[in-house]
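In this text, residue positions in the sequence shown follow my numbering: the first is 82, and each later residue adds one.
Notes follow once the structure below has been shown.
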Amino acid sequence: MVEALVAVPKIASHIYKARQSYVLQRAVPSDVRQIVCKATWKEGGGKTLNEARARLPGFLARTDREIAIARRELQLTPDEQIDRLPCTGALDDPEVQELLLEGARVDPDLSQAQRERMVAVVTGELIPEPLYTAEDLIAVATKLKQPARRTRDSWCKQLDLFMGFCGVGSPLSCTKDHAASYRTYLLERVSANTAKTTINYLSGLWSILEEVKPNSTHIFRGLAKRIKVVKKDRLDVVNPVTDWTGSIYVPVLKVLYYTGARLSEVSGLRVEDLLEDRIVVRPNLERSLKTSASHREIPLHPELEEILAPLRSSTGFVWPRLQGPDGRWGHNLSKPCKSITGVNPHGLRHHAATRLREQNFNEATIGKLLGHEPSNVTGSYGSVPWQRLVEAVRSL
Numbered sequence: 082m083v084e085a086l087v088a089v090p091k092i093a094s095h096i097y098k099a100r101q102s103y104v105l106q107r108a109v110p111s112d113v114r115q116i117v118c119k120a121t122w123k124e125g126g127g128k129t130l131n132e133a134r135a136r137l138p139g140f141l142a143r144t145d146r147e148i149a150i151a152r153r154e155l156q157l158t159p160d161e162q163i164d165r166l167p168c169t170g171a172l173d174d175p176e177v178q179e180l181l182l183e184g185a186r187v188d189p190d191l192s193q194a195q196r197e198r199m200v201a202v203v204t205g206e207l208i209p210e211p212l213y214t215a216e217d218l219i220a221v222a223t224k225l226k227q228p229a230r231r232t233r234d235s236w237c238k239q240l241d242l243f244m245g246f247c248g249v250g251s252p253l254s255c256t257k258d259h260a261a262s263y264r265t266y267l268l269e270r271v272s273a274n275t276a277k278t279t280i281n282y283l284s285g286l287w288s289i290l291e292e293v294k295p296n297s298t299h300i301f302r303g304l305a306k307r308i309k310v311v312k313k314d315r316l317d318v319v320n321p322v323t324d325w326t327g328s329i330y331v332p333v334l335k336v337l338y339y340t341g342a343r344l345s346e347v348s349g350l351r352v353e354d355l356l357e358d359r360i361v362v363r364p365n366l367e368r369s370l371k372t373s374a375s376h377r378e379i380p381l382h383p384e385l386e387e388i389l390a391p392l393r394s395s396t397g398f399v400w401p402r403l404q405g406p407d408g409r410w411g412h413n414l415s416k417p418c419k420s421i422t423g424v425n426p427h428g429l430r431h432h433a434a435t436r437l438r439e440q441n442f443n444e445a446t447i448g449k450l451l452g453h454e455p456s457n458v459t460g461s462y463g464s465v466p467w468q469r470l471v472e473a474v475r476s477l
């Protein structure tokens, strides 16, 4: 049963193995090849498959945006259109250059500064900076914040949706009116809680944009605070563990239940993380952690000893099949978890926290066990005795 989870994930179709590295490749749709001036996009994918997988989402997003721009599905500002002229390859044709220079002189929608800039770009006197894209912002945010993979995926998803709503090619082209309209759009379609979470994601990205581009405006500042969220008590009930049968995922679900750990933390465990008396949650090359507090040691619950003992004889990841093609861990567990346990994987984590509070364990112990950052300065002082953590785990 456990062995059925052991398999090698497939390589994404846009990743190709070269002699000493990996290459990202994508065919240009036939209807935009003349505009893009190429038949295939190619980009270095790095020396390892893991690097290539990490770079693939950004590569696909960039080429998706190029396709959308070529099909006029994204609206570029006049300045962005001018800056993109060298990217089209059209400036190599003298006749095209002459037509563009004539357009710069007679276009009534251009300001004098834009006319001068366009002439300088067409004649080669000015080499404009590349268009600042959503991918550029995500790359900077990733370097600064070192987010968990799921957090980064959420950034990418929400930013792409917002940019599509605005119909612009750069975050710098988004306005406060766009942000306010998007909040209204969200509130008409999703719950207030989901809308607030989305706006908070975007607000965090614009805080970073404001730092790296000092002339930009934080268009989301204060928007999330005005969304009222009514918190509801969690009524989900976990099915008795003795009823968890009939699935290859039961061992993984029991580890989640008896540790209170995050789904990605358990899914990405390596064999060397399974010690005789504890489970070590630490980052590895293919699975990062949410925060520094996530790096911790969890005492081994007696119910897990029989489950984990045979797994220590193997090598590598304990459950490699739980990694998806996009590199995310536990992507295929939500539905089985709900069906077997009655709650989703995060619900098992909430269940553990609730049980610990019912047994009168303090927040320092709960936070240490679950990998939470201290909520205040006082919480960062001192440590929790190992025996207290053992008692906490055995109460689950």
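Even glycine gets a Cβ: it sits at the ideal position worked out from N, Cα and C.
These numbers come from a predicted model, not from an experiment.
Could you give the distance in angstroms between the alpha-carbon of Ser373 and the alpha-carbon of Glu454?
8 Å
Reference Lys306; option with closest CA among Ser284, Pro321, Ile289
Ser284
What does a CB cutoff of less than 7 Å around Leu172 pick up in its chain, not counting 5 residues either side in sequence?
Leu166, Gln178, Val203
List the residues that DSSP assigns as beta-bridge partners of Gly127.
Per DSSP, the beta-bridge partners of Gly127 are Tyr103.
Enumerate in chain order the residues of its own chain whose CB-to-CB distance from Leu334 is below 7 Å, with the five nearest sequence positions on each side excluded.
So the qualifying residues of the chain are Trp325, Cys418, Ile421, Thr422.
For the 8 Å Cβ check, are there 3 or more pairs between the region 224 to 239 and the region 176 to 192?
no
Within 10 Å of its beta-carbon, does Thr459 have 16 or more other beta-carbons around it, so buried, or fewer, so exposed?
Unreliable placement is indicated for Thr459, whose pLDDT of 43 sits below 50; no coordinate value is reported for it.
Would you check whether the ligand ADP has a heavy atom nearer than 7 Å to the C-beta of Asn441?
Among the ligands in the structure shown, none appear at all, so the ligand ADP cannot be discussed.
Rounded to whole angstroms, what is the Cα-Cα separation between Leu286 and Leu218?
Rounded to the nearest angstrom, the gap between the Cα atoms of Leu286 and Leu218 is 7 Å.
Could you check what DSSP says for Phe442 in three-state terms: helix, strand or coil?
coil
Given a cut-off of 8 Å, decide if Leu403 and Gly397 are closer than it, judged by their beta-carbon atoms.
At the C-beta level, Gly397 and Leu403 stay beyond 8 Å of one another.
With 16 other Cβ atoms within 10 Å as the buried cut-off, status of Pro426
buried
So, do the region 136 to 153 and the region 94 to 113 have three or more beta carbon pairs nearer to each other than 8 Å?
yes
Locate the beta strand (DSSP E) running through Ala380, then write down its first and last residues.
Looking at the sequence itself, residue 380 is Pro, so the reference to Ala does not match. First-last of the beta strand (DSSP E) with Pro380: 377 to 380.
Please classify Thr275 as buried or exposed, where buried requires at least 16 other C-beta atoms within 10 Å of its C-beta.
exposed
Give the straight-line distance between the Cα atoms of Gln239 and Thr279, rounded to the nearest whole angstrom.
7 Å
With a CB to CB cut of under 8 Å and the five nearest residues on each side skipped, what residues in its chain are close to Ser235?
Tyr282
Quickly, what does DSSP pair Lys98 with across the bridge? List them, please.
Tyr103
In this structure, does DSSP put Ala229 in helix, strand or coil?
coil
For Glu346 and Val362, what's the separation of their Cα atoms in angstroms?
7 Å
Assuming Arg368 contacts Gly349 under a Cβ cut-off of 8 Å, what Cβ separation, rounded to an integer in Å, is found between them?
3 Å
With DSSP as the reference, please indicate the residues paired to Phe398 in a beta bridge.
DSSP, once it has assigned bridges, lists Arg351 as partnering Phe398.
Between which two residues does the beta strand (DSSP E) carrying Arg359 extend?
359 to 362
With C-beta atoms as the reference, is Arg475 less than 8 Å away from His382?
yes
Taking the beta carbon of Thr256 as the centre, do at least 16 other beta carbons fall within 10 Å, making it buried, or is it exposed?
exposed
Measuring CA to CA, which of Ile148, Arg302, Ser464 is closest to Asn443?
Ser464
Could you tell me the boundaries of the alpha helix (DSSP H) in which Val109 lies?
No alpha helix (DSSP H) contains Val109, which DSSP labels as neither H nor E.
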